[in-house]
Structure formats: C-alpha cells, structure tokens
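Input: a single structure, listed below in structure tokens.
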Amino acid sequence: MAAKGGTRISVVLPAQNEEETVGEIVRTIRRALMERVPLVDELVVIDSRSSDDTALVATAAGATVVAQDDVLPALPPLSGKGEALWKSLAVTTGDVVVFVDADLRNFSPHFVTGLVGPLLADPSLAYVKACYDRPLIEGGPDGGPDGGPDGDSGTGGCASAPTDGGRVTELVARPLLNMCWPELAGFMQPLAGEYAGRRSVLESVPFVCGYGVELGLLVDLVEKVGLDGIAQVDLGIREHSHQSTAALGRMAAQIIDTAWSRLHRRGLVSMDEPPSTELVQFSRTAGGYRPLRYDAQVPERPPMVEVLRADPRPVPSGEVDR
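Take the sequence shown: its position 189, counted from the start at 1, is 189 in the UniProt record's numbering, and no numbers get skipped.
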C-alpha cells in the first residue's frame, strides 16, 4: 500500500452475457481489494448489450455498471470487446486502469495485484501483460462458443492438457509476432485478456473494436513506449469458457486483419488493392455444404484523449448505474 501512494486504480470488466461468473469476480475484488485492503478505488463493469442478467448480477455484487451504448452517445455505436475497453476509459478516473475478463472461473485477487504491482513499483513501466498456463478442458458444460478471444476452456469435463488452451495464440498470433514484430516474441500470452496500463498511455493509442484489440495494443504500445516500458507477469493458471473451432476461426481472421492494418500503417506492406476481409466458413447440410460469410474487418476507435477533448461529458447525466 505504501507504493500506491496517491495513485488511483480502476478495475474494468468488459462483460457480455456473463451472469454466471461476473458476480463472484466483483465480490472478490470488493472484499479483498476495496474493503479489506483499499487498493482498488473504482470497480466498473461495462455491459456490452447483454441479453441475460449480467448487469443485475454485477450491480448486486457491488460494481458500478455502465451500459456500453450510454458512453459517448453522440458517436455511432460499434460492437466488440475493444469497444467496451475503449469506452471504459471515458467513464473511469484511475491513473492506472486494470482490465480483467468477466468469464474467469478461477479468479482470485492476484489477477489484479499481480498486474498493478509492477506499475506501482516502477514508474518507467507503462503497460503490464499477464501470462499463465491455459488448460484446455474437453467436454465442457455446453461446448458452445461462449468464451473470450483466445479459445480458453472452462472447468467442466476432463483436461486434455494443462497448456493446450490459447489455440489462436499458438496458431495465429505467435507466428505473426515472430515474423513481423520479433521484438514482441518474448510475450508468452500476447492475447491475454488481463492487462493494466497507465491512463496517460492507454488514452494515447487507438483501440481496435473487435478481437484484435490485444494484439493492436501490444504493437502500438511497443512503438510508443518501447519494449522496456512493457512488462509481463506470471499469474499461474487461467480457466474460462469454451470456444468452438468456427468461432476461433472468426477471431483469428480479426487478429490477422488487425496485424495487416498495423503493417500497412507503417508502410511495411503495399498493395494496389486492400486484402479481402471476407471469411467464408462452411456448415454441412442435408444437401452438402452451405457457405457462411463473415466480414472480418474490424473498425477501430481513435485515441481517447482526442475524443474527450471534443466531448468532455461521455455519459449523459443520471445514466451511470452505481
């Protein structure tokens, strides 16, 4: 606590249909890091158009819940995890902002303290990423595509291997980083959904709205603060929801689109025509196969500092559910 001094710390949970897990995460943070030890000053859940009781559960557990579309309402609404993270910067006040996925099934306070500690201890650091083992659990409760961006698995069923989760990382993100940004090859979980940063730095970079947000932040921040300004912390084991292979394919396509946009922006690739962003997947039917077409191109928001200069009141009066 001595290292905290006057630093304000905000914890943000982006959540969409996470009524089963968000409440316990919020209660744990409140008990351990706000009431028992006053480390966290602000705990905010950004509700991304949930159709279940995510907002009610999070509110009852003690979080401030903000509907994603209520933030900066003058802007056209966009979708995706990155949109929720970006908008959280407009409704939080912490000098340090910690992002934690709302579907963790093995959450404990060290997911927050492990990320905050390096930033409080070392003023030269701007951004801290988590790393951990990602067990792949076979035969989960529903086997459906209801998890985070990297295909981690839940706790039901039997583990096939302690480190076989994170399939999009191993098959897409890691090869991309090693090929195009070798200075980032040492990050063990580049798509980890748990990370923390100084507000001044987070507000100075764009946010990809979809599942490329983690890769985009890592690439943009190493350019802004240098490799010495970024750290990673081993948080042990991370368990959360299953993803279908098809869902992982769509996520991978968004990550590839994000990588291409960064390469193009820096003049590292040049094409007369931009690459296709259509992803075609296939579903078997009685008559053969049916093509399923998806647009993998993801929009991105500009640095928040630019937006807040133009719109200093991000949420209409009375619309924050506290």
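Backbone N, C-alpha and C fix where the C-beta goes; we use that ideal spot for every residue, glycine too.
Buried is the label assigned to R250, since at least 16 other Cβ atoms lie within 10 Å of its Cβ. Your pair V26 and D47 does not check out as a contact, with CB atoms roughly 12 Å apart and the cut at 8 Å.
D122 and G229 have their C-alpha atoms roughly 10 Å apart. Inclusion of E42 and T64 in the CB contact set at 9 Å is warranted, their separation being smaller than that value. Inclusion of L85 and F187 in the CB contact set at 9 Å is not warranted, their separation being larger than that value. Contact between the stretch 171-183 and the stretch 123-130 is absent: fewer than 3 CB-CB pairs across the two stretches fall below 8 Å. When the beta-carbon positions are compared, I237 and R134 come within less than 9 Å of each other.
Looking at the DSSP output, Y294 shares a beta bridge with L279. The three-state secondary structure of A60, taken from DSSP, is helix.
Relative to R31, the option among S108, L119, V128, D272 whose CA is nearest is S108. It is roughly 13 Å from the alpha-carbon of P175 to the alpha-carbon of L191. Contact between the stretch 255-269 and the stretch 34-41 is absent: fewer than three C-beta pairs spanning the two stretches fall below 8 Å.
Sixteen is the threshold: when 16 or more other Cβ atoms of the shown chains lie within 10 Å of the Cβ of L218, as they do, the residue is buried.
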